[in-house]
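So the numbering used here is basically just the index in the sequence shown, starting at one, shifted up by 4. The beta-carbon is built from N, C-alpha and C at its ideal position, and this holds for glycine as well. Reviewing the structure listed below.
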Amino acid sequence: MSIRNLDSLFDPESIAVFGASLRPGSVGATVWHNLTSGTYRGRLFAVNPKYRELAGHPVVAHAADLQAVPALAVICTPAATVPGLIKELAKLGTRAAVVLSAGMTAKQKQAMLDAARPHLLRILGPNCIGLLAPHKGLNASFSHIDALPGELAFVSQSGALVTAMLDWARGRGIGFSHFVSLGEHADVDFGDMLDYLASDPKTRAILLYAESIESPRKFMSAARAAARNKPVIVVKAGRSPQGQLAAASHTGALAGSDMVFDAAIARAGMLRVDTLQELFLAAETLSRFRTNASESIVILTNGGGAGVMAADAAADAGVTLSELGDATLQRLDAVLPPNWSRANPVDIIGDAPVARYEQALKVLREDSATGAILFIHAPTAIVPSADIARALVPLAQHDVHAPARLMSCWLGDRAVAEARQLFQDAGIATFDTPEQAVRAFSMLVRYRRNQAELTEAPPALQPDLRPDTAAIKALVREALASGREMLTEPEAKAVLDACRIPVVATQRVAGTPDAAAEAALAMGFPVVLKILSDDISHKSDVGGVALNLQDEGDVRDAAQTMLARVQRQHPKARIQGFTVQAMVRRQHAQELIVGSTVDSVFGPVILFGQGGTAVEVMADRAVALPPLNVPLAKALVSRTRVARLLTGWRDTPAVDEAAVHGVLVAVSQLLAEIPEIAELDINPLIVNFEGAIALDARIRLSAAGPAGAAHFAIRPYPAQLEETVQWRGRDLCLRPIRPEDEALHMAFLQDLDPEDVRMRVFYSKRTMERSELARLVQIDYAREMAFVAMGTGPDGQPQTLGVARAMTDPDNFAAEFGVIVRSELKGSGLGHLLMQKLIAYLRSQGTQRLVATVLDYNDRMLRLARELGFEEDSGNEDGEGTKGIFLSLT
5 MSIRNLDSLF DPESIAVFGA SLRPGSVGAT VWHNLTSGTY RGRLFAVNPK YRELAGHPVV
65 AHAADLQAVP ALAVICTPAA TVPGLIKELA KLGTRAAVVL SAGMTAKQKQ AMLDAARPHL
125 LRILGPNCIG LLAPHKGLNA SFSHIDALPG ELAFVSQSGA LVTAMLDWAR GRGIGFSHFV
185 SLGEHADVDF GDMLDYLASD PKTRAILLYA ESIESPRKFM SAARAAARNK PVIVVKAGRS
245 PQGQLAAASH TGALAGSDMV FDAAIARAGM LRVDTLQELF LAAETLSRFR TNASESIVIL
305 TNGGGAGVMA ADAAADAGVT LSELGDATLQ RLDAVLPPNW SRANPVDIIG DAPVARYEQA
365 LKVLREDSAT GAILFIHAPT AIVPSADIAR ALVPLAQHDV HAPARLMSCW LGDRAVAEAR
425 QLFQDAGIAT FDTPEQAVRA FSMLVRYRRN QAELTEAPPA LQPDLRPDTA AIKALVREAL
485 ASGREMLTEP EAKAVLDACR IPVVATQRVA GTPDAAAEAA LAMGFPVVLK ILSDDISHKS
545 DVGGVALNLQ DEGDVRDAAQ TMLARVQRQH PKARIQGFTV QAMVRRQHAQ ELIVGSTVDS
605 VFGPVILFGQ GGTAVEVMAD RAVALPPLNV PLAKALVSRT RVARLLTGWR DTPAVDEAAV
665 HGVLVAVSQL LAEIPEIAEL DINPLIVNFE GAIALDARIR LSAAGPAGAA HFAIRPYPAQ
725 LEETVQWRGR DLCLRPIRPE DEALHMAFLQ DLDPEDVRMR VFYSKRTMER SELARLVQID
785 YAREMAFVAM GTGPDGQPQT LGVARAMTDP DNFAAEFGVI VRSELKGSGL GHLLMQKLIA
845 YLRSQGTQRL VATVLDYNDR MLRLARELGF EEDSGNEDGE GTKGIFLSLT
């Protein structure tokens, strides 16, 4: 359902409380007290057959007795009464309800939803605390504590946490735009709240406390849309669930659901923190320091001890301290005493007067290579802290258009209270301790990296790397038809080979120890011998792998020993024989693991990390959601410790990282094309400066088809919508817009006549901020589509000729469109061509209505609309001088 009628939930003109009461300690009494004692200005109705009045306020027995239809109903009655009340209210015209009632059965909840949905009545809950909208004076909850007005929105699944958080925040003067308890979120969920709050002007940042996520693609679309507009910060309970111990692959055991949740948060451009305190710390940091783009910090302090504490915290958090250049050191020498630290941290000594603070900060500010500046001050008797703050604020605010550079930490309490307040009033990020400041900076670095992942929108398949799908599907069909889920090692390697992933070139299957020795002799030594069994997935665990065998005798002895050991440890295992392959020896090689599994919430995921037989013990791994491209593959690799080894050290050269990234992208494409891939391991994947090669692989299939692009939590770039058409004697490529179209799209917009731009967007702005342009090309294909017409320009280079764009509402009921073509191509029919493609696409997605608002003298657009079958919308009241048009797509 998403945001439809949520205004009735958070800004209702009238409210009816069902179960309003005066009974001390009851939910109905608390809710009624909160609404009547606050500053809510709408009409209030009380419904309870046990009362005639409540403290002088009239009470009615039933919903039908109300003087007017309430916009919002707050239901505090027993669970069994809820479905009937919702049915009655929906028919009356109420558009939202907060169901506080607990103990509803699954049947009762479904009956409630069935009654609400035909009338688009939105339900918060059941079994929730309720909601607060402090700017509206609305407290429709049974919390005993009200919320202060502010700019943070807090949404929680935990009801008990809501009241505790309200108490904690109020004691610290933290205010909220919205405070929402989702309860069992039968209807309104995290996706709905993210969609609503993303465009709420009073919300500066969105804070979430999550315990579980349903509707992952809806959640990811809403989260990605919200994270483009404002910071979204998440605390999730349950960080350490037990792994999937029965998984057939290392990947299945390693990729726990919490790790997958981390990957989803990163891909959506949000930030995950560990504690509720960090939730507010992150919100403060991202609000005041979000524009900083530094990866390192320089510490400026009047106390050596405080500087050392900050440096230690930086080391623990993986934050880099900036190196001071020679020119900066010389300039600092000129303004600081001879015994200053001459390093980072910059210790200006405890006797520093105001001028020394100013001079040092100015030097550091003028050297952009120093990165962010963390200013730490401990109060002294030499100069009042407030005097220092007043002197430094103008330097920190020198250029409001430049990225924020300064963070501060005023150590102490009363002695620095005024200084701290001066910095806060000036919008400078201020922290209580050096450790807190460094932790906040590390959050910012992680947030910025997540935002970079948000901008990537790769296709599920890249034509130059496309796997041999026909060969893989044939192999999968044969295995499933024979009743097998696990592919043999040769079959798994054949799949990798079809994905253009290098595998050990020579491999033979032998049924007996003697046959294995003969195969090894024909192949040439040294060789590797492995047991071959459908019932044994992890061969090393049962001694089923022998390395570096030098002659026939070695092979025969190893095979006999291996067979006896396996039969002793797994007497019921079916042994098909052995595989013999060449022993691969590469200098300076690293053992890696690349794999995939299917998460129960977010669908297919890809794992990367340090490989080998101790992979679970080392537990050095990271996961990512497909689809992947090279930038996303690089980001995945960078989140592991082994990434530092891949860059080389001492006499060990760097590995061919491009080969590693290629394997990750190939696995992503395999998952997109072959939905039957349930689990995959490439372990070890050997990599060095020569490239990468898979030494072992295992693949588990599932006839249910849990993978495939349709099950990806993030919709891939829809390459299947690309087409080449003939238009006016030239080839045109009509395709969805891509992030890499940014430069071409800017050139296209700059070449348009100002009047054409005004006709399209009602203003004549010729330039566009980078963030605005990025939003046009980095779209979420799950809820927006922009088709571009690409041709060849006079210089022979690709050129954008036109674009037709539609943004659907979160319910996919209506889409608002716009179309614009190069000014010299007006009237050429290109707009008609683009609109036909857009209309056909929206119909295929089930969108019901296509709408737009057009200037009433934009004759060309109105004529195009009539040709396409649009009608004028007499109910459109967007303003004078405009017309609403619509096209029914059903």
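When rounded, the separation of the alpha-carbon atoms in residue 35 and residue 74 is 16 Å.
Distance from the CA atom of residue 303 to the CA atom of residue 395, rounded to whole angstroms, is 18 Å. Between residue 839 and residue 793 the beta-carbon gap is near 11 Å, outside 8 Å, which marks them as no contact. Taken atom to atom, the span from the alpha-carbon of residue 417 to that of residue 426 is near 14 Å. Around the Cβ of residue 875, a 10 Å sphere holds fewer than 16 other Cβ atoms; the residue is exposed.
Per DSSP, residue 161 lies in no alpha helix (DSSP H) segment and is marked neither H nor E. Between residue 46 and residue 16 a beta carbon distance of about 6 Å is seen, short of the 8 Å cut, so the two are scored as contacting.
Residue 412 has its alpha-carbon roughly 20 Å from the corresponding atom of residue 385. Inter-segment contact for the region 473-487 and the region 537-550 is absent: fewer than three beta-carbon pairs are separated by less than 8 Å. The three-state reading of DSSP puts residue 26 in coil, since its state is none of H, G, I, E or B.
Ranked by Cα distance from residue 363, the first of 466, 400, 390 and 511 is 400. For residue 789, the secondary structure class from DSSP, reduced to helix, strand or coil, is strand. DSSP places residue 820 in the uninterrupted beta strand (DSSP E) bounded by 818-825. By alpha-carbon distance to residue 293, the top candidate from 623, 724, 444 and 191 is 444.
Rounded to the nearest whole angstrom, the C-alpha separation of residue 351 and residue 628 is 42 Å. Residues of the same chain with a CB within less than 8 Å of the CB of residue 122, apart from the 5 flanking positions on each side, are 94 in chain order.
For residue 310 and residue 282, the gap between their C-alpha atoms comes out near 21 Å. For residue 603, the enclosing beta strand (DSSP E) starts and ends at 594-603. Where residue 239 is concerned, the enclosing beta strand (DSSP E) starts and stops at 236-240. For the pair residue 817 and residue 855, the CB atoms are not nearer than the 7 Å cut-off. Counting only the Cα atoms, residue 681 lies some 35 Å from residue 518. Between residue 531 and residue 584, the C-beta spacing is below 7 Å. Bounds of the alpha helix (DSSP H) holding residue 289 are 280-293.
In this structure, residue 291 and residue 209 form a Cβ contact; the two beta carbons are roughly 6 Å apart against a cut-off of 8 Å. For residue 58, the pairing in a beta bridge is given by DSSP as 61. With contacts defined as CB atoms closer than 7 Å, residue 138 and residue 153 qualify as a contacting pair. Rounded to the nearest whole angstrom, the CA to CA distance from residue 458 to residue 613 is 22 Å.
Secondary structure in the region 141-203: the alpha helix (DSSP H) runs of 4 residues or longer, each lying completely within the stretch, are 163-175 and 194-202 in chain order.
Taking a contact as a CB-CB distance under 8 Å, the pair residue 600 and residue 727 does not count as one, their CB atoms being some 31 Å apart. With 16 or more other Cβ atoms from the protein chains shown falling within 10 Å of its own Cβ, residue 340 counts as buried.
Each of 133, 158 and 526 was checked against the Cα of residue 148, and the nearest Cα belongs to 133. In the structure shown, residue 692 falls within a strand segment according to DSSP collapsed to helix, strand and coil. For residue 582, the three-state secondary structure derived from DSSP is strand. Exclusion of the five residues before and after residue 781 leaves 741, 743, 745, 746 and 749 as the residues of its chain whose Cβ lies within less than 6 Å of its Cβ. Around the C-beta of residue 827, fewer than 16 other C-beta atoms lie within 10 Å, and the residue is accordingly described as exposed. In this structure residue 189 is buried. Its beta-carbon is surrounded by 16 or more other beta-carbon atoms within 10 angstroms.
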